[in-house]
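Chemist: Have a look at the structure that comes next, please.
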């Protein structure tokens with residue numbers, strides 16, 4: 025077994041362990057962190073398959089953006105873990121049956137592809153040399169911006185609409201929220217924050233204020249009882 029095969033088995037084992045812990049971790053924050061680990065292992069496997077663009081995209085997009093958002097949402101929300109665990113064992117047989125069916129279908133498809141005839145070694149060597157001279161990222165970019173240009177533009181418009189909608193929902197004013205106007209905070213001046221007043225110490229102190237009416241009535245009641 026060479027080094028590349030050993031690394032593949034190592035990354036695959038860690039990936040399976042991380043994926044298993046994602047669905048079995050009791051704390052949702054731990055589950056999200058295990059999902060980050062699973063993404064990193066999948067990116068490492070893609071690098072071994074010489075798909076470096078997909079590996080970098082997985083790390084930058086999913087780990088760097090999506091999972092960070094997940095962690096912020098999970099940590100900010102007050103999630104009741106007891107309510108989430110209710111009914112787990114009740115629906116476990118159905119979930120296990122569906123999972124086993126999906127695993128069997130994937131095994132049937134993959135094993136059917138693995139049984140294909142092997143190409144001659146000379147043809148494999150020539151194909152490997154031809155592929156080594158071509159950049160995957162360059163070819164993907166050329167195909168993406170030529171053959172799939174319209175789907176790319178449609179996806180870009182959908183993402184732009186989603187961004188605008190998210191910003192609009194965030195900036196809407198609610199009656200029960202306490203917020204400040206940033207423009208008023210920026211325009212504030214130092215002399216508006218604190219005002220210094222001159223105090224004349226030569227003036228006599230003001231007479232003591234009369235007691236309130238409630239205290240006066242209470243004192244009068246006490247005197248009458250006495």
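Numbering (the numbering used here), first residue to last: 25 to 250. Ideal Cβ positions, reconstructed from N, Cα and C, are used throughout, including at glycine. If you're wondering where the values come from, they're calculated on a predicted model, not measured in any experiment.
1) If the criterion is Cβ atoms closer than 8 Å, does the pair residue 183 and residue 77 meet it?
2) To the nearest angstrom, how far is the alpha carbon of residue 256 from that of residue 173?
3) Taking the alpha helix (DSSP H) that residue 33 falls in, what are its first and last residues?
4) Nearest by alpha-carbon distance to residue 69: which of 28, 190, 226 and 126 is it?
5) Distance check for residue 204 and residue 220, CA to CA, integer angstroms please.
6) Which residues in the same chain as residue 168 place their Cβ atom closer than 8 Å to its Cβ, once the five residues preceding and following it in sequence are excluded?
7) So what's residue 51 in DSSP terms, helix, strand or just coil?
8) Taking the continuous alpha helix (DSSP H) assigned at residue 79, which residues delimit it?
9) Between the C-alpha atoms of residue 41 and residue 71, what's the straight-line distance to the nearest angstrom?
10) Can you tell me whether residue 86 is buried or exposed? The criterion is at least 16 other CB atoms within 10 Å of its CB, across all chains shown.
11) Examine the Cβ distances between the segment 86-95 and the segment 51-67 and report whether three or more of them are shorter than 8 Å.
12) In this structure, how does DSSP classify residue 123 when only helix, strand and coil are distinguished?
Modeler: According to the structure shown:
1) Residue numbering aside, residue 183 sits at position 159 when the chain shown is read from its first letter. Residue numbering aside, residue 77 sits at position 53 when the chain shown is read from its first letter. Contact annotation: residue 183 and residue 77 have beta-carbon atoms that are not nearer than 8 Å.
2) This structure leaves residue 256 out entirely; the chain is present only between 25 and 250.
3) Against the chain shown, residue 33 aligns to sequence position 9. Secondary structure note for residue 33: its alpha helix (DSSP H) is the uninterrupted segment 27-48.
4) As a position in the chain shown, residue 69 is number 45, starting the count at 1. When only C-alpha atoms are compared, the closest one is 28.
5) As a position in the chain shown, residue 220 is number 196, starting the count at 1. As a position in the chain shown, residue 204 is number 180, starting the count at 1. Cα to Cα, the separation comes out at about 26 Å.
6) Numbered from 1 along the chain shown, position 144 holds the residue referred to as residue 168. Once the five neighbours on either side are set aside, the close Cβ partners of residue 168 are 176.
7) Walking along the chain shown from the start, residue 51 turns up at place 27. It is coil, neither helix nor strand.
8) If you number the chain shown from 1, residue 79 lands on position 55. Where residue 79 is concerned, the enclosing alpha helix (DSSP H) stretches over 76-81.
9) Reading the chain shown from its first residue, position 17 is the one you call residue 41. Reading the chain shown from its first residue, position 47 is the one you call residue 71. If you draw a straight line from the Cα of residue 41 to the Cα of residue 71, it is about 20 Å long.
10) In the chain shown, counting from the first residue as 1, residue 86 sits at position 62. Result: buried.
11) As far as the Cβ criterion goes, the segment 86-95 touches the segment 51-67, which means the pair count is three or higher.
12) Here residue 123 refers to the residue found at position 99 of the chain shown. Here residue 123 carries a helix assignment [DSSP, helix/strand/coil].
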